[in-house]
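Shown next, in structure tokens, is the structure this report addresses.
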Amino acid sequence: MFEQIIKTNTFEPILIHKALGSWIWDTDGKKYLDCVSGMWCVNLGHNHPKVIQATKNQLDEIIHRNKSFLTPITLKAANTVLNYMPTNFDKLTFLNSGSEAMEFAISFAKKVTKKEKVLSLQDSYLGAFGKAKESSYTSLDKTDMKIPYPVCYEESCNCLENTQLAVDEILDGIISQIACFVLEPVMVSGGVFKPCSQFIQYICDKIQSDGGLIVLDEVTTGLGRTGKKFGYEHLGIKPDVVVLGKALGNGYPVSAIITTSDHEAKCSYPEFYYAQSHQLDPLGAAVAKEVISVFEKDSIIEKNQSTILELNQFFKSLKYVFIEEVRSVGMIFALKLKNYKNYKEEELVVKIKDDLLEEGVIVGFNVAKGLLRLLPPLTLSMDEALFLMKKIKKVLEAIN
């Protein structure tokens with residue numbers, strides 16, 4: 236099946252041909268509740284009518300141009316995104332994917348600081364290629380620093396007190412070489428771990444005091460996914476660079492690197508030359524502009540709070556022997572499974588995923604980490620949430 240496609244991952248034995256809101260339909264007409272938002276991208280739901288209309292309007296005007304020219308919609312989109320940011324930023328560029336944007340951000344930080352080392356947390360996934368991949372947990376590269384961290388979901392804790400000495404020992408002697416600390420506010424690919432905010436604040440203070448930059452990877456966590464506009468708002472830090480992707484295009488490939496004039500002044504053309512075929516293209520800009528407008532005008536994040544609360548209470552209430560831990564941040568939920576009866580944890584992950592698919596629910600999974608993951612659209616209705624909870628309960632009860 237699907238012989239003409241290069242196999243880079245596993246494919247489900249169904250073909251999808253239509254989507255709307257929280258639902259997708261296969262070619263046989265069966266519909267599924269999409270609880271992974273495509274690839275964690277459609278925070279506004281599939282085929283949001285306002286985003287689709289903005290896309291169609293731009294298709295009638297211009298979708299691509301030479302890198303030496305800009306368009307009015309690109310400038311309007313830049314202003315819309317910059318005005319949406321909770322902290323003061325005044326410079327950006329649009330690219331295509333989160334991986335590409337992270338690659339740009341790391342190169343940018345190295346040029347600004349004239350330093351070479353990159354610091355990230357263990358379990359971080361920062362991109363699929365280049366410098367971003369080298370700083371991810373999937374990399375075999377040993378040149379960049381990956382620091383262990385305490386996981387903490389509490390407002391007050393002793394994490395920093397217990398780890399400060401270890402952090403100082405790791406950074407001692409190399410901090411002057413660190414160009415940037417690249418941070419995911421929540422390690423979603425890495426297992427849905429939220430690092431302790433005090434711990435993060437301490438590292439950021441040290442890095443910035445020594446001239447390094449804080450680069451926030453908000454590709455997954457940005458635009459409401461954590462219950463706030465951006466994940467870094469939970470951490471009490473002031474980043475130098477913010478990278479957006481996924482939800483910025485709500486299914487269309489567009490990303491953004493956002494920074495300040497002060498940093499851009501140290502790293503712009505001709506000292507820093509970067510040209511990519513679809514950088515700043517008007518179609519991506521039009522989509523991004525409309526996505527941000529919908530978030531603002533329709534109060535998406537505010538309206539989503541009750542659904543987050545309902546789902547969080549539901550997942551926390553699941554008391555099954557085979558569920559080792561429930562992890563959640565905003566509209567990100569994960570079930571860490573363990574061996575049960577004749578099932579190894581990885582087999583249990585696949586079984587529950589398959590059983591839910593049969594019931595009309597699509598969930599994410601990481602077999603190696605024994606994890607089921609759910610990142611539904613932020614527009615998920617309460618009726619859809621109740622449908623999801625009913626189906627999960629049915630599948631888990633059958634196993635129990």
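Sequential numbering from 236 applies to the sequence shown in this note's numbering.
Glycine residues also receive a C-beta, built at the ideal position from the N, C-alpha and C atoms.
Bear in mind the structure is a predicted one, so any value in this text is a computation, not a measurement.
- A Cβ-Cβ contact shorter than 8 Å links V584 with V602.
- When the five nearest sequence neighbours on each side are left out, the beta carbons in the same chain lying within less than 7 Å of the beta carbon of Q443 are those of I449, in order along the chain.
- Taking 8 Å as the cut-off, the Cβ atoms of D325 and S490 do not count as close.
- At a Cβ-Cβ threshold of 8 Å, V454 and V286 do not count as neighbours.
- A straight-line Cα-Cα distance of about 14 Å links V529 and A520.
- Assigned with DSSP and collapsed to three states, E545 falls in helix.
- G273 is not a Cβ neighbour of G256, given a cutoff of 8 Å.
- By the C-beta criterion, the stretch 425 to 438 is judged to be in contact with the stretch 467 to 474, since at least 3 inter-stretch pairs fall below 8 Å.
- Three or more pairs of CB atoms, one per stretch, sit closer than 8 Å, so the stretch 597 to 611 contacts the stretch 576 to 583.
- With respect to I527, V277 sits apart: the two C-beta atoms are not nearer than 8 Å.
- Take the alpha-carbon of H283 and the one of A482: they are about 12 Å apart.
- In the same chain as V561, and ignoring 5 residues on each side of it, the C-beta atoms closer than 8 Å to its own belong to F550, K551, L553, F568, A569, L570, K571, in chain order.
- In this structure, P248 and L356 do not form a Cβ contact; the two beta carbons are roughly 36 Å apart against a cut-off of 8 Å.
- The beta carbons of A336 and A414 sit no closer together than 8 Å.
- Taken atom to atom, the span from the alpha-carbon of H498 to that of V353 is near 17 Å.
- Where A254 is concerned, the enclosing beta strand (DSSP E) starts and stops at 251 to 255.
- For the pair N244 and E559, the Cα-to-Cα distance works out to about 27 Å.
- Assigned with DSSP and collapsed to three states, G333 falls in helix.
- Secondary structure at T328: strand, using DSSP grouped into helix, strand and coil.
- Distance between L418 and S359, taken at the CA atoms: about 8 Å.
- DSSP, reduced to helix, strand and coil, places C394 within a helical segment of the structure shown.
- M566 is classed as buried because its beta carbon has at least 16 other beta carbons within 10 Å across all chains shown.
- Judged by DSSP secondary structure, S490 falls within the beta strand (DSSP E) whose first and last residues are 490 to 494.
- It is roughly 22 Å from the alpha-carbon of M617 to the alpha-carbon of T456.
- The closest CA to that of R460, considering only G447, P488, D445, V427, is found on V427.
- Beta-bridge partners assigned by DSSP to Y578: Y575.
- Nearest neighbour of P611 by Cα position, chosen from P488, K291, G462, turns out to be G462.
- Secondary structure note for K626: its alpha helix (DSSP H) is the uninterrupted segment 617 to 634.
- The residue among T309, E396, I382 with its C-alpha nearest the C-alpha of D407 is I382.
- Between E619 and F416, the alpha-carbon positions lie close to 39 Å from each other.
- The straight-line gap separating the alpha-carbon atoms of E531 and N318 is approximately 11 Å.
- Taking the CA atoms as reference points, L621 sits about 13 Å from L544.
- DSSP, read as helix, strand or coil, puts Y384 in coil.
- N331 is classed as buried because its beta carbon has at least 16 other beta carbons within 10 Å across all chains shown.
- The secondary-structure analysis by DSSP pairs W258 across a beta bridge with L255, L268.
- In terms of CA proximity to S424, W275 leads the group K265, W275, Q412.
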